[in-house]
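K.L.:
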Amino acid sequence: MKSLETYTKAKLDAIDAKAQRRFLFDHSRSADMSATRESWGQIVSFTDNDYLGLSTDPAVIDAAQKAMAQYGAGAGASRLVTGNHPLHRDLEKKIAQMKGTEDAVVFGSGYMANTGVIPTFLGKQDVIFADELIHTSLHAGIKLSGATVYFFNHNDCDHLKELLRQYRHQYPHAMIVVDGVYSMDGDMAPLKKQGQIAKVFDCWLYSDDAHGFGVVGGGKGSTVAQEAEGLIPFQMGTLSKAIGSYGGYLAASHAVCELLRSRSRSLIYTTALPPAVIAASIRSLEIIETDKERIQRPVILAQRFADALNLPNPTTPIVPLIMGSEEDTLAASKSLADQGYLAWAFRPPTVAPGTSRLRFCFSATHSDAQVDGLIQACLSIGLLA
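Last residue of the sequence shown: number 385 in UniProt numbering, and the count goes up by one each step with no gaps.
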């Protein structure tokens, strides 16, 4: 057998040959979406998922600081032991209220929610029908469940129905798994139609609304934006993007949430989120409920940018610009960085081969001048659809 070093270096060489090596860079962010990186200096970030700027909102920071001063820096244990702070229940009630469900369960992250919920309800004897572009964490949850999985073409309800007609009857339980908003493309799932299909074929619909909660549907997410209320028994999301804090959740019926509290491994066998993080999330949700102008601004800015570059009109704060090759995408990202704008280059395996892209994410705290500057920078290097 090869030595570990030889084996590892060969793997890295193969990644380098495809221009797919990933690196960690130190960044510091400020409230106006400017970031500082040693190699670039100060730069305006159009890459963050902090869609509402709540991670740097003074009221959110104040809530976190007060909770930390009162309750300490950490939770100290699993939620099933002594880590279940009263703030957890306050947050879960607030999420359930906003999502229109009986109950909710807060997890340590969105990834942990997806890997904990799906295996709790499905096993080797069951089947999953998943959109081909679902998030990696959903793939992980599906794999852990052991269920058979069939992938349908992206947002293609006819292909979904074709697969359901062919395979659904062979399994006792079935789930349709989608993203509410797809993070690499910025488009929404046709949740109302998918929910109706799920009912016809006796399936449970599971939607990951990580990039929708807080910014579409009046802040309530893609379920409301797509008029799919009452059709999605599993509404999952995160607290780390528009909410500006950290964590994940599953909003569902009381019975579903109770089973998760008793059987979901990623909830039971890990330390609970710190009270300060929970307090920050609660304050963010309170702001989202009242500040409607803030909720609308990211999409308005995304539409302004897309119109200037002749890109399709977005319905979310995410605007992709597909370049094709890894090399061209990296070069465009560097050219924008040289002009003071950070737009991340996404490459395989995050996206499919031949679809490397720049992804632009817009925040309520971006100024009009910052967006206009980005537009001019893109036009100066020929970035037009």
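Beta carbons: idealized from backbone N, C-alpha and C, even for Gly.
Remember, predicted model here, so these are calculated numbers, not experimental data.
Could you give the distance in angstroms between the alpha-carbon of Met-184 and the alpha-carbon of Ile-268?
P.N.:
Going from the Cα of Met-184 to the Cα of Ile-268 covers about 31 Å.
K.L.:
Do you know how far the Cα of Leu-285 is from the Cα of Asn-84?
P.N.:
If I take the Cα positions, the gap works out to 20 Å.
K.L.:
Looking at the secondary structure, which residues open and close the alpha helix (DSSP H) in which Phe-121 lies?
P.N.:
110 to 121 is the span of the alpha helix (DSSP H), which, as asked, contains Phe-121.
K.L.:
CB Ala-174 to CB Val-224, shorter than 8 Å?
P.N.:
Not closer than 8 Å, so no.
K.L.:
Would you call Asn-155 buried or exposed, if buried means 16 or more other Cβ atoms sit within 10 Å of its Cβ?
P.N.:
It is buried - the Cβ of Asn-155 has at least 16 other Cβ atoms within 10 Å.
K.L.:
Considering only C-alpha positions, which residue in the set His-211, Ala-337 and Pro-58 is nearest to Ile-134?
P.N.:
Comparing Cα-Cα distances from Ile-134 to each of His-211, Ala-337 and Pro-58, the minimum goes to His-211.
K.L.:
Is the stretch 238 to 258 in contact with the stretch 95 to 115, if contact means three or more CB pairs nearer than 8 Å?
P.N.:
Segments in contact, yes.
K.L.:
Determine, using beta-carbon pairs with one atom in the stretch 304 to 311 and one in the stretch 112 to 120, whether at least three such pairs fall under 8 Å.
P.N.:
As far as the Cβ criterion goes, the stretch 304 to 311 does not touch the stretch 112 to 120, which means the pair count is below three.
K.L.:
From the DSSP output, in three-state form, read off Gln-376 for me.
P.N.:
Here Gln-376 sits in helix by DSSP.
K.L.:
Could you tell me the alpha carbon to alpha carbon distance between Ile-197 and Gln-70, rounded to whole angstroms?
P.N.:
Distance between the alpha carbons of Ile-197 and Gln-70 is about 49 Å.
K.L.:
Roughly how many whole angstroms lie between the Cα atoms of Asn-153 and Pro-317?
P.N.:
Rounded to whole angstroms, Asn-153 to Pro-317 spans 23 Å at the Cα level.
K.L.:
How far does the alpha helix (DSSP H) with Cys-361 in it reach, from first residue to last?
P.N.:
Here Cys-361 belongs to no alpha helix (DSSP H); instead the beta strand (DSSP E) covers 356 to 361.
K.L.:
Going straight from the alpha carbon of Tyr-111 to that of Asp-208, what length do you get?
P.N.:
Distance between the alpha carbons of Tyr-111 and Asp-208 is about 10 Å.
K.L.:
Counting pairs of Cβ atoms below 8 Å between the stretch 271 to 282 and the stretch 70 to 82, do you hit three or more?
P.N.:
These segments touch.
K.L.:
Identify every run of the alpha helix (DSSP H) within the stretch 51 to 77, keeping only runs that are complete inside it and at least 4 residues long; order them along the chain.
P.N.:
Fully enclosed alpha helix (DSSP H) runs of 4 or longer: 58 to 71.
K.L.:
Could you tell me the alpha carbon to alpha carbon distance between Lys-143 and Cys-157, rounded to whole angstroms?
P.N.:
The straight-line gap from Cα to Cα measures roughly 23 Å.
K.L.:
Flag this pair as yes or no: are the beta carbons of Ala-364 and Gly-53 separated by less than 8 Å?
P.N.:
Yes, Cβ-Cβ distance for Ala-364 and Gly-53 is below 8 Å.
K.L.:
Which whole runs of the alpha helix (DSSP H) in the stretch 88 to 167 are 4 residues long or more, in chain order?
P.N.:
With a minimum length of 4 residues, the continuous alpha helix (DSSP H) runs that stay inside the stretch 88 to 167 are 110 to 121, 136 to 145 and 157 to 167.
K.L.:
Would you kindly work out how many angstroms separate the C-alpha atoms of Glu-229 and Tyr-182, rounded to a whole number?
P.N.:
Looking at the two C-alpha atoms, the distance is approximately 19 Å.
K.L.:
Can you name the start and end residues of the alpha helix (DSSP H) that Phe-305 belongs to?
P.N.:
Counting along the chain, the alpha helix (DSSP H) containing Phe-305 begins and ends at 292 to 308.
K.L.:
Output needed for Lys-334: all residues of its chain with C-beta closer than 8 Å, excluding positions within five of it in sequence on either side, in chain order.
P.N.:
Counting only Cβ-Cβ distances below 8 Å, and skipping sequence neighbours, we find nothing.
K.L.:
Measuring alpha carbon to alpha carbon, tell me which of Ile-381, Val-60, Gln-125 and Gly-141 ends up nearest Ser-264.
P.N.:
Here the closest residue by C-alpha is Gly-141.
K.L.:
Suppose contacts are defined by Cβ-Cβ distances below 8 Å. Is Pro-298 in contact with Val-215 by that definition?
P.N.:
Yes, Cβ-Cβ distance for Pro-298 and Val-215 is below 8 Å.
K.L.:
Tyr-206 to Glu-289, Cα distance in whole Å?
P.N.:
Computed Cα separation, rounded: 24 Å.
K.L.:
Sorted by chain position, which residues of the same chain lie with C-beta nearer than 6 Å to Phe-346's C-beta, five sequence neighbours on each side aside?
P.N.:
Contacts found: Arg-357 and Arg-359.
K.L.:
What did DSSP end up calling Tyr-341 once you bin it into helix, strand or coil?
P.N.:
Three-state DSSP puts Tyr-341 in a strand.
K.L.:
Below 6 Å CB to CB, which residues in the same chain sit around Gly-67 once its five sequence neighbours on both sides are set aside?
P.N.:
For clarity, residue 67 is Ala in the given sequence; the question names Gly instead. Pro-275, Ala-276 and Ala-279.
K.L.:
Which stretch, first to last residue, makes up the beta strand (DSSP E) that contains Tyr-249?
P.N.:
Element bounds for Tyr-249: 248 to 252.
K.L.:
DSSP three-state label for Tyr-171, please.
P.N.:
The answer is coil: DSSP assigns Tyr-171 none of H, G, I, E or B.
K.L.:
With DSSP as the reference, identify every bridge partner of Ile-322, one or two as the case may be.
P.N.:
Paired residue(s): Arg-357.
K.L.:
Given a cut-off of 8 Å, decide if Leu-342 and Ser-45 are closer than it, judged by their beta-carbon atoms.
P.N.:
It is a contact, given that the beta carbons lie within the stated cut-off.
K.L.:
Output yes or no for whether 8 Å exceeds the beta carbon distance between Asp-26 and Cys-361.
P.N.:
For Asp-26 and Cys-361, no; Cβs fall outside 8 Å.
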